[in-house]
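Trainee: Going left to right, the sequence shown walks through residues 1207 to 1336 as this note's numbering numbers them. Please read through the structure below; I'll follow up with questions.
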Amino acid sequence: MRAFGITTSLALLCAGLAACGAFGRGEGPPLSRVEIGDALGGRTLQGDLFDGETGLVSFDEDGQVTLTSDAGGPTVGRWHASDVGLCIEWQRPDPLPKQCYETWMLAEDAYQLRLPDGEPYMTLTVAEPG
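This is the structure we're talking about:
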């Protein structure tokens, strides 16, 4: 599968997990900039793609983010925590504009990213200890 398919698959994974209610709604306020950095930096998060494939998103402490999946790989970009939430800008192979998401802790090592309108966008769980 082409790399564009990986990026598209991630978007569909995110929408699918949110629509299926993979996890309940987070309670309390979204995570702060510091909490996001502490929670995600140096960790690998896992989700199931809409077509049954699995994908891993690694948030390196130096700001690099890498998506790998059974469909091919990798998709690479930059991430950072901001006052808005988790911001990701995919750079290759298919550049996408930076998007920031409110980040909520749903359970220990389970996080949900939400669009600016509050709608769930992505739910991820920690795949490797960080």
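Built from N, CA and C at the ideal position, the CB exists for glycine as well.
Using a Cβ distance threshold of 8 Å, determine whether the stretch 1305-1325 contacts the stretch 1271-1291, with at least three qualifying pairs required.
Mentor: yes
Trainee: So V1240 is in the alpha helix (DSSP H); what residue range does that whole segment cover?
Mentor: R1239 to L1246 is the span of the alpha helix (DSSP H), which, as asked, contains V1240.
Trainee: Kindly give me the distance between the Cβ atoms of L1330 and Q1252, rounded to whole angstroms, as I take these residues to be in contact under 8 Å.
Mentor: 7 Å
Trainee: My assumption, with CB atoms under 8 Å, is that R1249 sits in contact with G1269. Please give the rounded CB distance.
Mentor: The pair is not a contact, with the Cβ atoms about 14 Å apart (cut-off 8 Å).
Trainee: At what residues does the beta strand (DSSP E) containing E1295 begin and finish?
Mentor: L1292 to R1298
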